[in-house]
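Okay, structure first, notes after.
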Amino acid sequence: MTTDADEWWSDDGEARDIFRRGDFVHRTPQPWTPAVAQLLLYLESVGYDAAPRHCGYDDEGREILTFLPGEDGPVSWGYLHSDDVLASVARLVRSYHDTVRGYRPSPDTKWADSFGAPGDGEVLCHGDFAPWKLVWQDQRAVGIFDWDFVRPAEPMFDVYYAMDWTVPFRDDETCRDFHHFEFAPDRAHRVGVFLDAYGVEAIPANVAAGVAGVRRRVKATTASLAERGIEPQAQWVAEGLLDKSESTSRWIEGNSVLFQP
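Position in the sequence shown (from 1) plus 3 gives the number in the numbering used here.
Okay, here's the thing in structure tokens:
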């Protein structure tokens, strides 16, 4: 039962309840929630504190997670203009990857759009390392929430995904209007900052191709979830998101020189 004191956060229309109650967040579960819960329990067991804790389910079957203290939401865009802040995101991605390497889920584990454990050269990627999923303290990325799209993949999946939104891999107008830069940033420099802070051994030969490739994998996941009637993906597809995403991916590929350090 909800109360007037609950702080509602639902942004998926009527498809899903999400609200905060004190130090906890309650969310309507998805088919893959049990798999994510086991991952979060593992992260807790090894002392990883940048993810919420899974605390079971309420009397209406919603999952209960701990609330991550700090800032989140729109503040992300302004903070990310700084190289130091951008680097903190890269280090957060790396710290998660280093922590999760020891976790081996069973082969029949069901994720949102995949199954099983990571293969050779893979980890369980967060899968949705976007600015609006980050928690900030003292203008530093210290936490990541919304683990719905965990997937076995090469670590660069999360790196490319995060850079897509934080560098960002967008045209000048979008950098100004959506990401709130006064002027279009030096994207190649920012890619270098991110990759250096993450600790890549070598700069990929075509960073833009890597980002566009990850975008298309995410697009395929969105289409798959929509076909299964999962919201909000079904609504996004109906509104033309897939075509918009492909247009952005093609722009990235056509302007690869902007992004190569």
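The C-beta atom is built at its ideal place from N, Cα and C for all residues, glycine as well.
Here the structure is a predicted model, which means the values were calculated and not measured.
Opposing strand residues paired with residue i [DSSP bridges]
| i | result |
| --- | --- |
| HIS29 | PHE22 and ILE67 |
| CYS58 | Note: CYS58 sits in no beta bridge, so no partner. |
| CYS128 | ARG154 |
| PHE118 | LYS113 |
Three-state secondary structure (DSSP) of residue i
| i | result |
| --- | --- |
| LEU83 | coil |
| GLU74 | strand |
| HIS183 | coil |
| ASP52 | coil |
| ASP101 | helix |
| ALA133 | coil |
| ALA93 | helix |
Beta-carbon proximity of residue i to residue j, cut-off 9 Å
| i | j | result |
| --- | --- | --- |
| LEU95 | VAL28 | no |
| GLN142 | ASP87 | yes |
| PHE1 | ARG218 | Residue numbering for the chain in the displayed model covers 4 to 264; residue 1 lies beyond these limits and cannot be assessed. |
| THR169 | LEU89 | yes |
| ASP236 | THR251 | The amino acid at residue 236 is misidentified as Asp; the sequence shows Gln. Against a cut-off of 9 Å, the Cβ pair of THR251 and GLN236 comes out as no contact. |
| GLU204 | GLU157 | no |
| LYS136 | ASP75 | yes |
| LEU68 | PRO77 | no |
| GLY24 | GLU66 | First, the residue type needs correcting, since residue 24 is Arg and not Gly in the sequence shown. Result no, Cβ atoms of ARG24 and GLU66 do not sit closer than 9 Å. |
| LEU83 | VAL138 | no |
| PRO264 | ILE206 | yes |
| TYR99 | ILE147 | yes |
| SER248 | VAL221 | yes |
Element boundaries [beta strand (DSSP E), containing residue i]
| i | result |
| --- | --- |
| GLN142 | GLN142 -> no beta strand (DSSP E), and no H or E assigned at all. |
| ARG154 | 154-156 |
Span of the alpha helix (DSSP H) around residue i
| i | result |
| --- | --- |
| HIS163 | A small fix is needed here, since residue 163 is Tyr in this sequence, not His. 159-169 is the extent of the alpha helix (DSSP H) around TYR163. |
| ASP180 | 175-180 |
| GLN263 | No alpha helix (DSSP H) contains GLN263, which DSSP labels as neither H nor E. |
| TRP254 | 244-257 |
| LYS222 | 210-230 |
| HIS192 | 190-201 |
| TYR45 | 36-48 |
| TRP239 | 236-241 |
### Message
Across the stretch 149-157 and the stretch 119-137, are there enough close Cβ pairs to call them in contact, namely three or more that are closer than 8 Å?
### Response
yes
### Query
Are there three or more Cβ pairs, one per stretch, closer than 8 Å when the stretch 206-215 is compared with the stretch 103-114?
no
### Query
Is there contact between the stretch 159-179 and the stretch 59-75, where contact requires at least three CB pairs shorter than 8 Å?
no
### Query
Would you say the stretch 164-172 touches the stretch 193-212, given that touching needs at least three Cβ pairs under 8 Å?
The stretch 164-172, when compared against the stretch 193-212, does touch it at the 8 Å Cβ threshold.
### Query
Are at least three pairs of beta-carbons, each pair with one atom in the stretch 29-44 and one in the stretch 109-121, less than 8 Å apart?
yes
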